[in-house]
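Visitor: Residue numbers (my numbering), protein chains in the order written: chain A, 14 to 82; chain B, 513 to 689; chain C, 193 to 394.
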Amino acid sequence: MDRRQMTLNLNDKEMDLLDRLSERRGMSKTALVRQALRLYQSVTERIERGEKVFVEHPGTKDKAELMVL
Amino acid sequence: MKLLFSDEWLQRKIASDPDIETEAGPSLIGPPIEEIDSGKAAVMPTRNVVQMRIALGTFVHQLRQRDALTLPELATKADVSENELRQVETNPSYTASPRLIYKLSRYFRMPLNNLYQLSGRTFTVERRLYNEAVKYAAHSDDVTPLSGDQLQVLNGFVAVLNQLAEEASSMEHGDHD
Amino acid sequence: MKKHLGDRRLRNRLTGEPEAASIFQGLDEKNFHDFEAVWKPELVKRAKEFATWAKQAEGNVQDAHWDWVGKAKNEAVYESFAIECDSMTQGLMLVATAPHFARLKSQHGLDLCYIELIATAPWNRPKFSKAPKYKGAGRALLATAISWSVELELKGRIGLCSLPESESWYDEQGMQRCGFDGDKKMEYFEMTEEDAGKYLNS
Numbered sequence: 014m015d016r017r018q019m020t021l022n023l024n025d026k027e028m029d030l031l032d033r034l035s036e037r038r039g040m041s042k043t044a045l046v047r048q049a050l051r052l053y054q055s056v057t058e059r060i061e062r063g064e065k066v067f068v069e070h071p072g073t074k075d076k077a078e079l080m081v082l
Numbered sequence: 513m514k515l516l517f518s519d520e521w522l523q524r525k526i527a528s529d530p531d532i533e534t535e536a537g538p539s540l541i542g543p544p545i546e547e548i549d550s551g552k553a554a555v556m557p558t559r560n561v562v563q564m565r566i567a568l569g570t571f572v573h574q575l576r577q578r579d580a581l582t583l584p585e586l587a588t589k590a591d592v593s594e595n596e597l598r599q600v601e602t603n604p605s606y607t608a609s610p611r612l613i614y615k616l617s618r619y620f621r622m623p624l625n626n627l628y629q630l631s632g633r634t635f636t637v638e639r640r641l642y643n644e645a646v647k648y649a650a651h652s653d654d655v656t657p658l659s660g661d662q663l664q665v666l667n668g669f670v671a672v673l674n675q676l677a678e679e680a681s682s683m684e685h686g687d688h689d
Numbered sequence: 193m194k195k196h197l198g199d200r201r202l203r204n205r206l207t208g209e210p211e212a213a214s215i216f217q218g219l220d221e222k223n224f225h226d227f228e229a230v231w232k233p234e235l236v237k238r239a240k241e242f243a244t245w246a247k248q249a250e251g252n253v254q255d256a257h258w259d260w261v262g263k264a265k266n267e268a269v270y271e272s273f274a275i276e277c278d279s280m281t282q283g284l285m286l287v288a289t290a291p292h293f294a295r296l297k298s299q300h301g302l303d304l305c306y307i308e309l310i311a312t313a314p315w316n317r318p319k320f321s322k323a324p325k326y327k328g329a330g331r332a333l334l335a336t337a338i339s340w341s342v343e344l345e346l347k348g349r350i351g352l353c354s355l356p357e358s359e360s361w362y363d364e365q366g367m368q369r370c371g372f373d374g375d376k377k378m379e380y381f382e383m384t385e386e387d388a389g390k391y392l393n394s
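1. Are there 16 or more other CB atoms within 10 angstroms of the CB of B/H573, so buried, or fewer, so exposed?
2. Consult DSSP for C/D375 and reduce its assignment to one of helix, strand or coil.
3. Please look up how many angstroms separate the CB atoms of B/L522 and C/R201, rounded, as I've assumed it's under 8 Å.
4. From the beta carbon of C/G218, is the nearest beta carbon of chain B less than 8 Å away?
5. Is the CB of B/P604 under 8 Å away from at least one CB in chain C?
6. Along chain C, in chain order, which residues have C-beta atoms closer than 8 Å to that of B/S609?
7. Report the CB separation of C/C305 from C/L344 in whole angstroms; it is logged as a contact under 8 Å.
8. Using a C-beta to C-beta distance shorter than 9 Å, which residues of chain C count as neighbours of A/L30?
9. So, does the CB of B/F620 fall closer than 8 Å to a CB anywhere in chain C?
10. At 8 Å on the CB atoms, spell out the chain C contacts of A/Q48, in chain order.
11. Could you check if C/G301 is buried or exposed, using at least 16 other CB atoms within 10 Å of its CB as the buried criterion?
12. DSSP on A/I60, reduced to helix/strand/coil?
13. Please report whether the beta-carbon of C/C277 lies at a distance below 8 Å from any beta-carbon of chain B.
14. The alpha helix (DSSP H) with A/L30 in it runs from where to where?
15. Applying the criterion that 16 or more other CB atoms from any shown protein chain within 10 Å of the CB defines a buried residue, is A/Y53 buried or exposed?
16. Taking C-beta pairs closer than 9 Å, name the residues in chain B that C/C353 reaches, listed in chain order.
17. For B/H651, which three-state DSSP category applies?
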């Protein structure tokens, strides 16, 4: 697959977050951003199809809508 | 992307692996299109699936009563899980596993294909089977012990299931060259 | 867009000889056509036959049809893979594009590659054919999924739901059972980074 480069401008807080998340998930910052992109794509697809995205608490079964278009 | 396995590795695996199914994810089999087209089979909405399962649950329960078996006894004899069996008998939202249906069909000597349709695992169902199942469930009471009348209704349903299976089978053989 | 990943060999059980096969990422019209025009009629025919073979029907007989083709054509939902041999699609695999997270305790919450589907052509399946033709398509695809997981830096972690008659095969490959998935109504398996390493080095 062809690779293209991009420069990402992040503030300190965002950069810290990226560092922490990629360490926590055991992947490079690039890999993490790719996963985040995929997650965003999947959610966007669903919402555009008219579906809703929820998080559910396993114990109480309380639901909260995650993203509203 | 790099494939992280060599051809040598694959040949070794092929040589040593057993010859069994390797499928993952949902089954790709569709209903026989010609049966939908001819009106013999129909696509089942959820509420109809529930009705079929009520018939199935009642049926299993009554067969068990007929044979004077407790639920644990039937589970042992048919080699199925007690919990699953209880679900089938009492919970119309429960989807029985293929293994359970297969074991029950063998134990009670009932046609497998028909039990499958009753379990709601199929996308389509034969109209006649559906109609008979709904009729059977309406006339049955799975709570009281089997009366003479109930036994007649049960035997009637057993006969219908066998007849439908025979008809399907003779059509198959007729189609063979 | 279809991309050639590499060539490996499947075994032709009928001749006993290995035959050249190619593994691709991305499906094209040929793969969809192979499925619709060649796989599907075979599957439907076999399903009908099974309905009357009481002793053989230990598993799926007429399971619900899953319209994966439409979703697969929209590349945003699935990463797709195919293995072709003898100018025919012998195996298909769909991997979810959306991140999935491990349920197994030892890797709970970590990203993994979720395999939505591994399907081999009906004539290759012991369940459907008295003389199944090619052996190795499922194995090659599973190893391809692990490779894809590594490519995404997910260290070879994968997850899938197995058809009932394949559960023992996934046990044999070293995958770990994580319990019955209530939504999919199938046993859910995962492979850890360690399992994947052992698998590819065995």
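Beta carbons are placed, not taken as given, at the ideal position from N, Cα and C, and that holds for glycine.
A quick note: this is a predicted structure, and the numbers were derived from the prediction, not measured.
Guide: Let's see:
1. The residue given as residue 573 of chain B occupies position 61 in the second sequence. So B/H573 counts as buried.
2. To locate residue 375 of chain C, count along the third sequence from 1; it is residue 183. Look at C/D375 here: in three-state DSSP terms it is coil, with no helix or strand label.
3. As a working note, residue 522 of chain B is residue 10 in the second sequence. As a working note, residue 201 of chain C is residue 9 in the third sequence. With a contact defined as Cβ atoms closer than 8 Å, B/L522 and C/R201 qualify at about 7 Å.
4. Locating residue 218 of chain C in the third sequence gives position 26, counting from the first residue. Not one chain B Cβ lies under 8 Å of C/G218.
5. The residue you call residue 604 of chain B lines up with position 92 of the second sequence. By this cut-off, B/P604 is not an interface position.
6. Here residue 609 of chain B refers to the residue found at position 97 when the second sequence is read from its first residue. The answer, in chain order, is P356 and K377.
7. Working through the third sequence from its first residue, we reach residue 305 of chain C at position 113. Working through the third sequence from its first residue, we reach residue 344 of chain C at position 152. Indeed they touch by this definition, with Cβ atoms about 7 Å apart.
8. As a first step, residue 30 of chain A must be located in the first sequence, where it is residue number 17. Counting only Cβ-Cβ distances below 9 Å, A/L30 has no contacts in chain C at all, with the closest Cβ about 17 Å away.
9. Position 108 of the second sequence holds residue 620 of chain B. Chain C, which has no Cβ nearer than 8 Å to the Cβ of B/F620, makes this no.
10. Residue 48 of chain A sits at position 35 when you count from the first residue of the first sequence. Within 8 Å Cβ-Cβ: P291, D303 and L344.
11. Residue 301 of chain C sits at position 109 when you count from the first residue of the third sequence. C/G301 is exposed by the Cβ-count criterion.
12. Numbered from 1 along the first sequence, position 47 holds the residue referred to as residue 60 of chain A. Judged by DSSP in its simplified three-state form, A/I60 adopts helix.
13. As a first step, residue 277 of chain C is located in the third sequence; it is residue number 85 there, counting from the start. Judged by the 8 Å Cβ criterion, C/C277 is not in contact with chain B.
14. Residue mapping note: residue 30 of chain A aligns to position 17 of the first sequence, counting from 1. First-last of the alpha helix (DSSP H) with A/L30: D25 to R37.
15. Working through the first sequence from its first residue, we reach residue 53 of chain A at position 40. For A/Y53, the number of other beta carbons within 10 angstroms of its own is below 16, and it is reported as exposed.
16. Position 161 of the third sequence, counted from the start, is the residue given in the question as residue 353 of chain C. Per Cβ cutoff of 9 Å: A536, G537 and P538.
17. Taking the first residue of the second sequence as position 1, residue 651 of chain B is located at position 139. Helix at B/H651.
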